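Asks: Each number in this note's numbering corresponds to the 1-based position in the sequence shown with 9 added.
For every residue, glycine included, the Cβ atom is placed at its ideal position computed from N, Cα and C.
What you are looking at is a predicted structure, and each value in this text was computed from that prediction instead of being measured.
Once you've had a glance at the structure underneath, I'll fire off some questions.
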Amino acid sequence: RYKSLVARIVEYFNGWYINTITNEDILLFYESLSMQDFSTKSIKDHASIVRMIMRYAYIKRYIKSNPSDYVIPPKGKPKKERQPLSKDDITAVQNNIFNDFGKIAYFLLYTGLRKGEALALTYDDIDLKNNLIRVNKSVEYISNKPRIKEPKTESGTRCVPLPDALKFLFQGGFDLCGIAGIVYKDKKLHDIGNDMTNMLHQLQHRGPDSAGYSIYGGTGLEENEYILKIQVKESEKLLDRVKHVINFQT
């Protein structure tokens, strides 16, 4: 976060000689942050860095006085009181559980966890036997890079009940859902079907909702021309069904 604040200050005063910056210029910078709906705390954080920069310049005798000493930062965007979800909001979360990011919203709804706390959960934090979720860390982003941090207070470490409404998420144990892919950069033809079959061989153990292939592009093929290779070992009827679907859609 510190880097982003410094970058914003540098961007605003880019091209200025530091000995030409006045207290009026600094106040205009703070007011520009207020007009952009930055919070009061955020504006104060910017002001703290500006004072450090100017103090360093004064010590090095780049400037004769510190123009930031007597500048009072304006107030920023007032805090909004957090409102609970309405009945329509709750219904929307419940009805979209199987859409993109629907499960994480559903999980947050029934546990009350913060997003960072939920993202930091591991398998060991889910106690299916005692129906508990152990919260002992969270994810924070520093310069858009995630890292795990410990709770600031003792109350941040706690156990949260695992309600019955969430248990179906863990049926059959802990199965991960994800997307895997291969990118070919050498502009040569490859046996895509064989590569995908080797990479995604474990799909057969993951259930019927995780057996999909998507292919984008294709070196050496005409526009809108693709090659799809599907390997079916156990059922000729299933292969016939796949061929029927492909022929019907094309």
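Can you grab the Cα-Cα spacing for the pair residue 105 / residue 39, in whole Å?
Replies: Sequence index remark: in the sequence shown, residue 105 carries index 96 (1-based). Sequence index remark: in the sequence shown, residue 39 carries index 30 (1-based). Taking the straight line joining both Cα atoms gives about 42 Å.
Asks: Using alpha carbons as the reference points, say which of 33, 83, 24, 177 lies closest to residue 50.
Replies: Counting from one through the sequence shown, the residue named residue 50 turns up at place 41. Comparing Cα positions, the closest option is 83.
Asks: Kindly list the residues whose CB is nearer than 8 Å to the CB of residue 142, restricted to its own chain and excluding five residues on each side of it in sequence; keep chain order.
Replies: Translated into positions along the sequence shown, residue 142 becomes position 133. Cβ within range, chain order: 120, 122, 130, 134, 135, 136, 168, 169, 170, 171.
Asks: Starting from residue 72, trace the beta strand (DSSP E) both ways and give me its first and last residue.
Replies: Start at 1 with the first residue of the sequence shown, and residue 72 comes out as number 63. Premise fails: residue 72 is in no beta strand (DSSP E) and is neither H nor E.
Asks: Within the continuous alpha helix (DSSP H) that includes residue 147, where are the two ends?
Replies: By 1-based counting over the sequence shown, the position of residue 147 is 138. Segment 147-151 is the beta strand (DSSP E) holding residue 147; no alpha helix (DSSP H) there.
Asks: Does residue 48 come out as helix, strand or coil in the three-state DSSP assignment?
Replies: Here the question's residue 48 lines up with position 39 in the sequence shown. Three-state result, residue 48: strand.
Asks: Just verifying my parser: in three-state terms, what is the DSSP assignment at residue 142?
Replies: Start at 1 with the first residue of the sequence shown, and residue 142 comes out as number 133. In this structure, residue 142 counts as strand in the three-state DSSP scheme.
Asks: Could you have a look at residue 58 and say whether DSSP puts it in helix, strand or coil?
Replies: Residue mapping note: residue 58 aligns to position 49 of the sequence shown, counting from 1. Reduced to three states, the DSSP call for residue 58 is helix.
Asks: Three or more beta-carbon pairs under 8 Å between the segment 43-61 and the segment 69-82, yes or no?
Replies: yes
Asks: To which residues of the same chain is residue 166 closer than 7 Å at the C-beta, ignoring the five residues directly before and after it?
Replies: Taking the sequence shown and counting its residues from 1, one reaches residue 166 at position 157. Around residue 166: 144, 145, 160.
Asks: Over the uninterrupted beta strand (DSSP E) stretch that includes residue 113, give me the two end residues.
Replies: As a first step, residue 113 is located in the sequence shown; it is residue number 104 there, counting from the start. It is not in any beta strand (DSSP E) - residue 113 instead sits in the alpha helix (DSSP H) that spans 111-120.
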